Amino acid sequence: MAQSNRITGILTPNIVPLDPRGNVDEQTLRGYVDWLIAHGVDGLYPNGSTGEFVRFTAAERREIARIVIDQAAGRVPVLVGAAEANVRETIEACDAYGEMGAQAVAIVAPYYFKLSDEGVYSYFREIADAVSVNVTLYNIPLFASEIDLATVRRLAEECPRVVGIKDSSGDLPHMMRMIAAIRPQRPEFSFLTGWDASLSAMLLMGADGGTNATSGVVPELTAAVYKACKAGDLSEAVRLQNELTPLFDTMIGTGEFPEGFRAGLRTRGWDMGRSRQPMTAAQYDKSAQTEAKIKGMLTSYTNGAVTSASATPESIDAIVRRVLSELKA
Numbered sequence: 001m002a003q004s005n006r007i008t009g010i011l012t013p014n015i016v017p018l019d020p021r022g023n024v025d026e027q028t029l030r031g032y033v034d035w036l037i038a039h040g041v042d043g044l045y046p047n048g049s050t051g052e053f054v055r056f057t058a059a060e061r062r063e064i065a066r067i068v069i070d071q072a073a074g075r076v077p078v079l080v081g082a083a084e085a086n087v088r089e090t091i092e093a094c095d096a097y098g099e100m101g102a103q104a105v106a107i108v109a110p111y112y113f114k115l116s117d118e119g120v121y122s123y124f125r126e127i128a129d130a131v132s133v134n135v136t137l138y139n140i141p142l143f144a145s146e147i148d149l150a151t152v153r154r155l156a157e158e159c160p161r162v163v164g165i166k167d168s169s170g171d172l173p174h175m176m177r178m179i180a181a182i183r184p185q186r187p188e189f190s191f192l193t194g195w196d197a198s199l200s201a202m203l204l205m206g207a208d209g210g211t212n213a214t215s216g217v218v219p220e221l222t223a224a225v226y227k228a229c230k231a232g233d234l235s236e237a238v239r240l241q242n243e244l245t246p247l248f249d250t251m252i253g254t255g256e257f258p259e260g261f262r263a264g265l266r267t268r269g270w271d272m273g274r275s276r277q278p279m280t281a282a283q284y285d286k287s288a289q290t291e292a293k294i295k296g297m298l299t300s301y302t303n304g305a306v307t308s309a310s311a312t313p314e315s316i317d318a319i320v321r322r323v324l325s326e327l328k329a
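What follows is the structure in structure tokens.
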């Protein structure tokens, strides 16, 4: 949610459901948006890495954003990934998403070509000066040019349209340094983490929220981590994080990202279809094994009260609620 113009809370980078022909399944996507909101997420983040934005055309990315924004209908804010291959197309995408009603857009640093820090600054500066919507920087060094502290601070100081950063490096000291350097000058500037295994640590050190892939599978649990951290309940935050991290490790370690999260969603009753990334039979077998493992992880929380074989989408919902209740006890 947005408080005092700051983007806060858990914003879900949603998986995109595909029909048997590999096209975006609008009906399922709309139902999934409703489910996520009903299960406690604070916002939505279409066209992120978990949404496999590079595997869709520019027109499809706009359609995905349109569906999510329309279905959210103002119930929660929508932060839309607006990364395109060059500055001109990125600016056009930003303006299009702003007109659709996005609260802000997220722009990844240039990818493929490794740019200098000055090149990264110039890229974001040109976009921020041209667009009609607020911009969050997206730092993901694994896939794109890194946005260093000096560049973030420079953009925050010079560009009113740059209102936050999503950092998926998992680097806690880096996040702490950014908050210390920027927040005194820009109190409304948002700091979001995209690395689920460090969610509670980032929140406890001052981050405003997260765009976490696990929130698309267990939104109740990520929401509970956020609430515990914001309430200052350290012991509960640690216990919840210790439930979240094994799920994250299992899902992110399976097949081609984000296949493990598709497998996780099947345990919640959501069949999102096959990704556009081709996989071998062995990879599909591994995905099925992951699905079974996730079911086991969920059902084990009830001390055997529900077995994997008997779990249904409805019972899984009940399991998660019971887990969170027990952790609070």
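Here the sequence shown is numbered in the working numbering, starting from 1 and rising by one per residue. Every residue, glycine too, gets a C-beta built ideally from N, C-alpha and C. Note that this is a predicted model, so its numbers are computed, not measured.
What separation, rounded to the nearest whole angstrom, lies between the Cα atoms of residue i and residue j?
| i | j | result |
| --- | --- | --- |
| A181 | T28 | 42 Å |
| E392 | S235 | In the structure as shown, the chain starts at 1 and stops at 329, and residue 392 therefore has no counterpart that could be examined. |
| R161 | I7 | 13 Å |
| L203 | Q241 | 11 Å |
| N139 | S198 | 15 Å |
| P278 | S116 | 34 Å |
| M175 | L192 | 9 Å |
| E146 | M272 | 32 Å |
| E157 | I107 | 18 Å |
| P246 | I252 | 10 Å |
| G209 | D233 | 16 Å |
| P187 | F53 | 31 Å |
| E26 | K227 | 31 Å |
| R274 | P184 | 46 Å |
| V68 | M297 | 30 Å |
| R276 | A282 | 17 Å |
| S122 | L155 | 10 Å |
| T90 | T151 | 19 Å |
Who are the Cβ neighbours of residue i in its own chain at under 7 Å, not counting the five residues just before and after it?
| i | result |
| --- | --- |
| S343 | Lying outside 1 to 329, the shown extent of the chain, residue 343 is not represented and no answer is given. |
| T254 | G260, A263, K286, S287, T290 |
| V24 | V16, L18, E60, E63, I64 |
| T12 | L36, V41, L44, Y45, S215, G216, P219 |
| W270 | Y32 |
| I153 | In the sequence as displayed, the identity of residue 153 is Arg instead of Ile. Cβ neighbours of R153 beyond the five flanking positions: A181, I182. |
| I10 | V41, D42, G209, G210, N212, S215, T222, A223, Y226 |
| E118 | none |
Is the distance from the Cβ of residue i to the Cβ of residue j below 7 Å?
| i | j | result |
| --- | --- | --- |
| F248 | D196 | yes |
| V120 | A109 | yes |
| A223 | G48 | no |
| K295 | T267 | yes |
| E364 | A72 | Since the first residue of the chain shown is 1 and the last is 329, residue 364 is not available in this structure. |
| S190 | C229 | no |
| V105 | V78 | no |
| L142 | M178 | no |
| L221 | L244 | yes |
| G206 | S168 | no |
| N337 | G74 | As displayed, the chain neither begins before 1 nor continues past 329, which places residue 337 out of reach and without an answer. |
| A144 | Y111 | yes |
Provide the residue(s) that pair with residue i in DSSP beta bridges, ordered along the chain.
| i | result |
| --- | --- |
| L11 | G43 |
| N139 | D167 |
| G210 | I10, T193 |
| G296 | In the DSSP output, where bridge partners are listed per residue, G296 has none listed. |
| I107 | L137 |
| L79 | A104 |
| V24 | L18 |
| V162 | V135 |
Would residue i be called buried (16 or more neighbouring beta carbons within 10 Å of its own) or exposed?
| i | result |
| --- | --- |
| N5 | exposed |
| A231 | exposed |
| E256 | exposed |
| K166 | buried |
| T280 | exposed |
| P258 | buried |
| A213 | buried |
| A82 | buried |
| G22 | exposed |
| A237 | buried |
Under 8 Å Cβ to Cβ from residue i, same chain only, skipping five residues before and after it: list those, please.
| i | result |
| --- | --- |
| C159 | F124, R125, A128, D129, V135 |
| R66 | M100 |
| R34 | In the sequence as presented, Arg is not what sits at residue 34; that position holds Asp. Correct list, in chain order: Q71. |
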